[in-house]
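A.B. asks:
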Amino acid sequence: MSRNFLVVDPEEDIEVLKGLASPIRVRILKLLHVEGPLNGNDIADRLDLPQSTVSTNIQILETAGLIRTETQKARKGNQKICHSTFDEVLVMFKEDMTPLKSNSIEVAMPLGLYTSCEVSAPCGLCSTEGIIGLLDVPETYLEPDRMKAGLIWFTRGFIEYQFPNNAKLAQNTIEVLEFALELSSEVPGTSADWPSDITLSVNGTEIGTWTSPGDFGDKRGVYTPDWWKLKGSQYGKLKSWRVTGEGTYVDGVKISPVSLVDLDLSNHHSIRLRIAVKPDAKHPGGINIFGRGFGNYDQDIIMRLQTAR
Numbered sequence: 001m002s003r004n005f006l007v008v009d010p011e012e013d014i015e016v017l018k019g020l021a022s023p024i025r026v027r028i029l030k031l032l033h034v035e036g037p038l039n040g041n042d043i044a045d046r047l048d049l050p051q052s053t054v055s056t057n058i059q060i061l062e063t064a065g066l067i068r069t070e071t072q073k074a075r076k077g078n079q080k081i082c083h084s085t086f087d088e089v090l091v092m093f094k095e096d097m098t099p100l101k102s103n104s105i106e107v108a109m110p111l112g113l114y115t116s117c118e119v120s121a122p123c124g125l126c127s128t129e130g131i132i133g134l135l136d137v138p139e140t141y142l143e144p145d146r147m148k149a150g151l152i153w154f155t156r157g158f159i160e161y162q163f164p165n166n167a168k169l170a171q172n173t174i175e176v177l178e179f180a181l182e183l184s185s186e187v188p189g190t191s192a193d194w195p196s197d198i199t200l201s202v203n204g205t206e207i208g209t210w211t212s213p214g215d216f217g218d219k220r221g222v223y224t225p226d227w228w229k230l231k232g233s234q235y236g237k238l239k240s241w242r243v244t245g246e247g248t249y250v251d252g253v254k255i256s257p258v259s260l261v262d263l264d265l266s267n268h269h270s271i272r273l274r275i276a277v278k279p280d281a282k283h284p285g286g287i288n289i290f291g292r293g294f295g296n297y298d299q300d301i302i303m304r305l306q307t308a309r
């Protein structure tokens with residue numbers, strides 16, 4: 001059975017937060033989640049609450065979209081049956097969904113459209129429908145079905161993507177280069193304490209390394225399909241690498257002095273992004289890359305260019 005998720009932005013979905021801001025309403029939601037559809041009388045009996053209290057809170061939950069109701073015939077008149085709408089609710093700020101500025105260019109790269117790779121097992125790819133090729137066989141990365149990949153993992157090595165340098169085509173100057181992608185370490189099974197050094201390079205120049213704290217499997221990823229085993233990697237951290245005139249930053253923290261001058265992007269028709277776990281890494285803990293249909297962020301690998309005009 002598929003699971004339904006609700007992603008709530010506190011700045012936009014205040015009615016949903018109001019709906020959740022009550023112990024009684026939370027108890028009602030949990031009851032419907034565990035036992036399935038119930039009418040108001042059943043809910044009142046199960047929770048030992050007055051019928052009037054249940055009716056008032058059901059109305060609030062329905063207004064917030066957290067439950068849906070349908071009217072069915074009963075022995076005496078009609079009865080309202082309540083259904084839980086969502087299995088899980090995730091509260092997060094959707095900063096990545098803000099409109100692009102007029103001087104910004106964004107390109108979304110599907111996980112399977114890599115142009116070069118060299119990986120070591122354990123490794124694999126899968127789409128939202130199932131495993132692609134054979135597990136732990138690096139040659140599987142050459143399968144045509146790799147274009148459908150929504151999750152990629154390997155122990156050591158690299159995978160490289162070639163983005164168009166649309167700023168050069170528009171004869172504009174790049175002031176900020178940013179990559180946003182969801183990542184985690186990779187361990188057989190999962191482990192929240194499994195550090196891995198993940199290094200990004202642009203056009204052959206290393207821009208910096210971020211150490212993933214672990215491989216997360218404590219709960220199912222918001223978008224991870226039901227068929228994917230619960231003991232496998234479920235989600236990662238959404239990380240933002242930004243290269244400016246002053247250096248390279250991950251989530252606003254400077255990690256290296258490599259700047260746009262070092263990348264010399266104006267002389268390149270493409271921007272090649274390499275994601276690697278280096279053989280000499282201090283923490284060679286593997287990598288998971290989550291794309292559309294997996295993890296907590298339903299997105300491809302995003303490249304953003306902020307230009308001078």
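In this text, residue positions in the sequence shown follow full-length UniProt numbering: the first is 1, and each later residue adds one.
For glycine and all other residues, C-beta sits at the position ideal for the given N, C-alpha and C.
1. CA-CA distance, V277 and L61?
2. Helix, strand or coil for L31, going by three-state DSSP, please let me know.
3. Along the chain, where does the alpha helix (DSSP H) that runs through D55 open and close?
4. Would a check of beta-carbon distances place S196 closer than 9 Å to chain B?
5. At the level of alpha carbons, what is the spacing between G236 and D218?
6. How big is the Cα-Cα spacing for A149 and F294?
7. Give the secondary structure of R274 by DSSP, where H, G and I count as helix, E and B as strand, and everything else as coil.
8. Roughly how many angstroms lie between the CA atoms of V107 and F163, to the nearest whole one?
9. Taking the straight line between their C-alpha atoms, what separation do you get for F179 and H83?
10. So, is G285 buried or exposed, given that buried needs 16 or more other C-beta atoms within 10 angstroms?
11. With distances taken Cα to Cα, identify the nearest neighbour of N41 among P23, D13, K80.
12. Just curious, the alpha helix (DSSP H) that E15 is in, first and last residue?
13. Less than 9 Å between the C-beta atoms of G157 and D145, yes or no?
14. For the alpha helix (DSSP H) that D262 lies in, which residues bound it at each end?
15. For I131, which residues in the same chain have their Cβ closer than 8 Å to its Cβ, ignoring the five residues on either side in sequence?
C.D. replies: According to the structure shown:
1. 47 Å
2. helix
3. Correcting the residue identity first, residue 55 is Ser in this sequence and not Asp. Where S55 is concerned, the enclosing alpha helix (DSSP H) stretches over 51-63.
4. In the structure shown, chain B does not exist; there is a single protein chain.
5. 11 Å
6. 10 Å
7. strand
8. 8 Å
9. 41 Å
10. buried
11. K80
12. 14-20
13. no
14. 260-263
15. G124, L125
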